[in-house]
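Undergrad:
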Amino acid sequence: MLRSLLSLVLTTTLALSAMVGLAQPVHANPTNAMHLAALPLIGNLFSGQRPSNLGVKDGKLAPCPSSPNCVISQGSPDADHAIAPLQYDGDPSAAMEKLVAVVKAMPRTTIIEQTNDYLYAEFASQLMGYVDDVEFYLDPAASAIQVRSASRLGQSDLGVNRKRIEAIRSEFS
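In the numbering used here, the protein residues as written are 811 to 983.
#1: For the putative contact between residue 871 and residue 882, defined by C-beta atoms under 8 Å, what is the C-beta separation to the nearest angstrom?
#2: Decide if residue 879 is buried, meaning its Cβ has at least 16 other Cβ atoms within 10 Å, or exposed.
#3: Measuring CA to CA, which of 933, 907, 934 is closest to residue 925?
#4: Closer than 8 Å is the cut-off here; do at least three beta carbon pairs connect the stretch 892-909 with the stretch 950-961?
#5: Quick one: using the 10 Å Cβ neighbour count with 16 as the cut-off for buried, is residue 960 buried or exposed?
#6: Residue 892 by DSSP, collapsed to three states: which one?
#7: Look up residue 974 in the DSSP assignment and say whether it is helix, strand or coil.
#8: For residue 931, tell me which candidate among 856, 978, 894, 902 has the shortest Cα-Cα distance.
If you want it as structure tokens, here you go:
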């Protein structure tokens with residue numbers, strides 16, 4: 811009985827293998843390898859170059875460009891770019907510490923520079939890896955953290971920079 815069962819399993823396996831085809835080992839294909847090697851380059855294609863005008867100068871963050879893919883809490887006369895700063899009560903260093911924790915908890919975020927009164931982070935989009943530059947300046951005279959969030963590439967960000975700052979505001983409060 812056992813012998814006939816094993817014979818049936820073997821026959822069935824051979825028949826199915828003949829119909830479907832035997833599994834072939836995968837061999838490296840240099841053409842496919844070149845396509846795979848290009849993936850990091852494609853990701854970098856959408857990251858753009860880090861701007862050289864970032865940072866705080868005379869107590870101000872850099873102004874937004876004319877494109878609508880930027881928001882700033884300092885000095886923007888138009889509603890498309892203007893956004894309220896983050897407000898805090900109490901110790902400025904505790905506020906900065908809390909802000910750093912909120913930013914670090916966000917997905918696809920890299921903190922590039924951090925001082926007692928300044929934070930600069932890069933946020934990458936999930937699908938194409940577009941990078942946005944986000945800056946925070948702790949302004950103790952105003953008991954506020956000034957913000958600037960700008961896309962490196964393109965014209966429209968579909969409101970992503972504004973939504974990001976509002977998400978940070980809600981976590982920060």
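Don't be surprised by glycine CBs; every beta carbon is placed ideally from N, CA and C.
This one's a predicted model, so the numbers in the text were calculated from it and none came from an experiment.
TA: Taking the coordinates as given:
#1: Residue 871 to residue 882, Cβ: 6 Å. Contact.
#2: buried
#3: 907
#4: yes
#5: So residue 960 counts as buried.
#6: DSSP, read as helix, strand or coil, puts residue 892 in strand.
#7: helix
#8: 978
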